[in-house]
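In order, the protein sequence lines correspond to chains A and B.
Position 107 of the first sequence, counting from 1, maps to 107 under my numbering, and the rest follow consecutively.
Basically my numbering = 1-based index in the second sequence + 1000.
Backbone N, C-alpha and C fix where the C-beta goes; we use that ideal spot for every residue, glycine too.
Okay, so here's the structure we're looking at.
Number of protein chains: 2
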Amino acid sequence: MNVAFLLSQLGVHAAAQFAERIAELDLTPPQTGLIRLVASEPGLSQQAVAARLGMPASRLVALVDGLDERGVVERRRNPQDRRLHALHLTKAGEELLGRIAVVGRAHEQALTEGLDAADHATLQRLLTVLAEKQGLTPGVHPGYRRI
Amino acid sequence: MNVAFLLSQLGVHAAAQFAERIAELDLTPPQTGLIRLVASEPGLSQQAVAARLGMPASRLVALVDGLDERGVVERRRNPQDRRLHALHLTKAGEELLGRIAVVGRAHEQALTEGLDAADHATLQRLLTVLAEKQGLTPGVHPGYRRI
DNA sequence: TATTGTTATACTCTATAACTATA
DNA sequence: TATAGTTATAGAGTATAACAATA
């Protein structure tokens, strides 16, 4: 089979497996992407977050609502411009992020268990080259656009 | 970035790019999967095809309807058991399959253009190992289940 | 009664666009 | 008037389950 099909097959499989794993934390992949983004760049407006995740702002609202009600994320109004809602993780959000990382490591391990260390490193290098060539933004999953 | 995330990112990207390309043939990825399967194993019943593609038979009906109306696929009733509809490609279907192959080669080329021949071969080998370990069926895309 | 294919229904998810509040 | 966030609406796509034909 060619590389393109293998990549697509494995990638969609990996995404589905990850979705199953984080479902145990009661999270969906877009929610996880939001949490990770807010963790790495706290204080972004909802418009900015929506743009980075590649989704309409209207869709982000429901995403933030759910995590806000669960006490994972919070909206902080900007006093200088009260239209803006800066997004931040709460303490519980930081803790959840830690659990997401644990799940992520287990996922990585399960997916690559057939490879020795050298092959693992080679694969990582080659995939990184492809991702750069394809113009993919590190850490931003194209599937957040529609899942 | 870890291998799992890179794979997922690249895989979903590759699937989206492929979907765009075959849209020029007025096809969706599930339709393409159906055409390929019928080409490689002509005469399967709709139930058998649905099982292999991992979708409910009720969903396959609409898929076959569309390709049937376009003269790409045809249902042949089995005289021994008139409940069964064996699926076959028409002449036009064979021709379309050829155009799909052309698109597939262009897609492969565009996706791997950053790699030299040795790296390309290495990547193909490593991905094949992973796909086998993960129990993925050659030629069957897990995304056909829901796109 | 069981199985194949089909149709109907009800549900989920989403983007678009209207709306509000602030500037 | 323009922008951030929100809500409403309408559409696409789907699985589930009921149904008809055949065994």
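Leaving aside the five residues that flank Ala1092 (chain B) on each side, the residues in its chain whose CB is nearer than 7 Å to its CB run, in chain order, Gly1071 and Val1072. Using a 10 angstroms sphere on the CB of Gln1009 (chain B), the tally of other CB atoms reaches 16 or more, which defines it as buried. When DSSP assignments are scanned along the stretch 90-115 of chain A, the uninterrupted stretches of alpha helix (DSSP H) that are 4 or more residues long and fall wholly within it turn out to be 91-111. Put simply, the CB of Lys91 (chain A) is far from chain B, with every gap to its CB atoms at 9 Å or more. Listed along chain B are Phe1005, Ser1008, Gln1009 and Val1012, each with a C-beta nearer than 8 Å to that of His141 (chain A). Using a Cβ-Cβ distance cut-off of 8 Å, the stretch 1039-1047 of chain B and the stretch 1005-1022 of chain B are not in contact, since fewer than three pairs of beta carbons, one from each stretch, lie closer than that value. For Val1072 (chain B), there is no enclosing beta strand (DSSP E), as DSSP marks it with neither H nor E.
Between Ala131 (chain A) and Glu1108 (chain B) the beta-carbon gap is near 17 Å, outside 8 Å, which marks them as no contact. By the rule that beta-carbons nearer than 9 Å mark a contact, Leu111 (chain A) touches chain B.
Note that the C-beta distance between Leu87 (chain A) and Arg99 (chain A) is not below 9 Å. Straight-line spacing of the CA atoms in Gly1066 (chain B) and Leu1096 (chain B) works out to 14 Å. Residue pairing from DSSP places Ala86 (chain A) in a beta bridge opposite A:Ser45 and A:Arg76. When secondary structure is reduced to three states using DSSP, Leu1027 (chain B) falls in the coil class, being assigned neither helix nor strand. In chain order, Leu53, Met55, Leu63, Tyr144 and Ile147 place their CB closer than 8 Å to the CB of Pro30 (chain A), counting only its own chain and leaving out the 5 sequence neighbours on each side. With respect to Val103 (chain A), Arg21 (chain A) sits close: the two C-beta atoms are nearer than 9 Å. For Leu53 (chain A), not one C-beta of chain B is nearer than 9 Å to its own C-beta.
Counting of Cβ neighbours within 10 angstroms places Thr137 (chain A) among the exposed residues, the total staying below 16. Secondary structure at Asp1081 (chain B): coil, using DSSP grouped into helix, strand and coil.
Residue environment: Gly1135 (chain B) is assigned as exposed (fewer than 16 neighbouring CB atoms within 10 Å of its CB, all protein chains considered). Residue environment analysis places Pro1079 (chain B) among the exposed positions, since fewer than 16 neighbouring C-beta atoms fall within 10 angstroms of its C-beta. In chain order, Asn2, Val3 and Ala4 make up the part of chain A whose C-beta sits under 7 Å from the C-beta of Glu1108 (chain B).
In the structure shown, the three-state DSSP call for Gly1054 (chain B) is coil.
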